[in-house]
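Visitor: What follows is a structure written as C-alpha cells; I'll ask about it next.
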Amino acid sequence: MNLDVQGMLKAIDAIGTTLEAHKDYLTDLDSAIGDADHGINMNRGFTKVREKVSQGTYGDLGAILKDVAMTLMSSVGGASGPLYGTFFMRMSMKLAGLQAADASSLAAAMEEGLKGIVALGKAQLEDKTMVDALSPAVEALKKAAGTGASLTEALEAAVLAAQAGMESTVPLVARKGRASYLGKRSVGHQDPGATSTYLILSTLLMSLKEVA
Numbered sequence: 254m255n256l257d258v259q260g261m262l263k264a265i266d267a268i269g270t271t272l273e274a275h276k277d278y279l280t281d282l283d284s285a286i287g288d289a290d291h292g293i294n295m296n297r298g299f300t301k302v303r304e305k306v307s308q309g310t311y312g313d314l315g316a317i318l319k320d321v322a323m324t325l326m327s328s329v330g331g332a333s334g335p336l337y338g339t340f341f342m343r344m345s346m347k348l349a350g351l352q353a354a355d356a357s358s359l360a361a362a363m364e365e366g367l368k369g370i371v372a373l374g375k376a377q378l379e380d381k382t383m384v385d386a387l388s389p390a391v392e393a394l395k396k397a398a399g400t401g402a403s404l405t406e407a408l409e410a411a412v413l414a415a416q417a418g419m420e421s422t423v424p425l426v427a428r429k430g431r432a433s434y435l436g437k438r439s440v441g442h443q444d445p446g447a448t449s450t451y452l453i454l455s456t457l458l459m460s461l462k463e464v465a
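One gets the working numbering by counting positions in the sequence shown from 1 and adding 253 to each.
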C-alpha cells in the first residue's frame, strides 16, 4: 500500500483534525517553556491548509506538499511556520512528479525535509526541539525501507521512534528557541514541537491504515 494523491489529501485532512483536537494540549506544553501559542498556530495553519488543498486539483504528491508548505509559511506564526513550511517544501521537491510514494521515496523526502529544518533552525539532537522526534523517525523509516518493509510497516517504526524521541525531550535542557531562555527550568517539560511532529506522523500512519 503506497501513499497516492488521494491518500495524501486524506492524510492532510486527518492531520488537521488531529491538530485541532490537540490544540489546547500543545498550547499547554508551550505555555510552560515557550510563547503559549504552538497549538493555536498549528491549528490555524492546518485549517488554512485544509481549505487550500480542498480547492485544488493535484496530479502528483509534490504539488500537494508545495501548497501545504506555502500555506504554512504564510499563516503560522513563530518559528513553526518557517520550520514546518521548509520541511514540507523540501519534501515536495523530492516527491515532485510522483503520483505515489513507497517507503523508500517517503524516507528520502522526509530526510530532505529534516535537512531543511536543521539548516534553517540549526538544531541538533538533544537541543529539545522537533528534531528530537523527527530525526529518529527518519532514521527508522530509512532503515525499515532498506529492509524492504511496506510503507505501513516503515511508518509504524518511524512513529515509535518519534514517540520515543518526543518523550526524550522531557529531561533535556532546551538549547534553541524561546525555551532556551529558561535554561535548567526547561527540564521536566515535553517539547511542543517534538509533540506536534509525533502527532503529524502518527496521524499519517493512522490515515494510511484506514485507506488500506
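We treat Cβ as the ideally placed atom computed from N, Cα and C, and that holds for glycine. Predicted model only: the values in this text are computed from it and were never measured.
Find the nearest neighbour of valine 258 within the set Gly269, Asp283, Leu314, Thr270, judged by alpha-carbon distance.
Guide: Leu314
Visitor: Pick out whichever of Ala354, Ser357, Ala372, Gly312 has its Cα sitting closest to the Cα of valine 335.
Guide: The sequence as given places proline at residue 335; valine does not occur at that position. If we check each option's Cα against that of proline 335, Ala372 comes out closest.
Visitor: Judging by CA-CA distance, which residue of His275, Gly369, Met254, Leu256 is the nearest neighbour of isoleucine 453?
Guide: His275
Visitor: Would you mind giving the Cβ-Cβ distance between valine 306 and isoleucine 265, rounded to the nearest angstrom? I have them listed as a contact below 8 Å.
Guide: 6 Å
Visitor: Does the distance from the C-beta atom of alanine 447 to that of alanine 398 stay below 7 Å?
Guide: No, these two residues do not count as a Cβ contact at 7 Å.
Visitor: In terms of alpha-carbon separation, which member of Pro445, Leu282, Val423, Val321 lies closest to lysine 437?
Guide: Val423
Visitor: Starting from threonine 382, trace the alpha helix (DSSP H) both ways and give me its first and last residue.
Guide: From DSSP, threonine 382 is part of no alpha helix (DSSP H); its letter is neither H nor E.
Visitor: Just list the residues that DSSP pairs aspartate 257 with in beta bridges.
Guide: Its beta-bridge partners are Ala353.
Visitor: Taking all protein chains shown into account, do 16 or more other C-beta atoms lie within 10 angstroms of the C-beta of lysine 462, making it buried, or fewer, making it exposed?
Guide: exposed
Visitor: May I have the straight-line CA-CA distance separating glycine 338 from methionine 323, to the nearest angstrom?
Guide: 6 Å
Visitor: For methionine 363, which of Leu457, Met344, Gly350 has the nearest alpha-carbon?
Guide: Met344
Visitor: Kindly indicate which three-state DSSP category aspartate 281 falls into: helix, strand or coil?
Guide: helix
Visitor: Taking Cβ positions, are alanine 390 and alanine 407 nearer each other than 7 Å?
Guide: no
Visitor: DSSP state of proline 389, grouped into three classes?
Guide: The three-state secondary structure of proline 389, taken from DSSP, is helix.
Visitor: According to DSSP, is serine 403 part of a helix, a strand, or is it coil?
Guide: Looking at serine 403 - three-state DSSP - the assignment turns out to be coil, as it is neither helix nor strand.
Visitor: Where does histidine 291 fall in DSSP's three states?
Guide: helix
Visitor: Assuming glycine 316 is part of the alpha helix (DSSP H), what are its boundary residues?
Guide: Sequence check: residue 316 is alanine here, not glycine. Where alanine 316 is concerned, the enclosing alpha helix (DSSP H) stretches over 314-328.
Visitor: Is the CB-CB distance between alanine 411 and alanine 393 below 7 Å?
Guide: yes
Visitor: In the DSSP assignment, find the unbroken alpha helix (DSSP H) run with glycine 331 in it and report its ends.
Guide: Premise fails: glycine 331 is in no alpha helix (DSSP H) and is neither H nor E.
Visitor: Applying the criterion that 16 or more other CB atoms from any shown protein chain within 10 Å of the CB defines a buried residue, is glycine 287 buried or exposed?
Guide: buried
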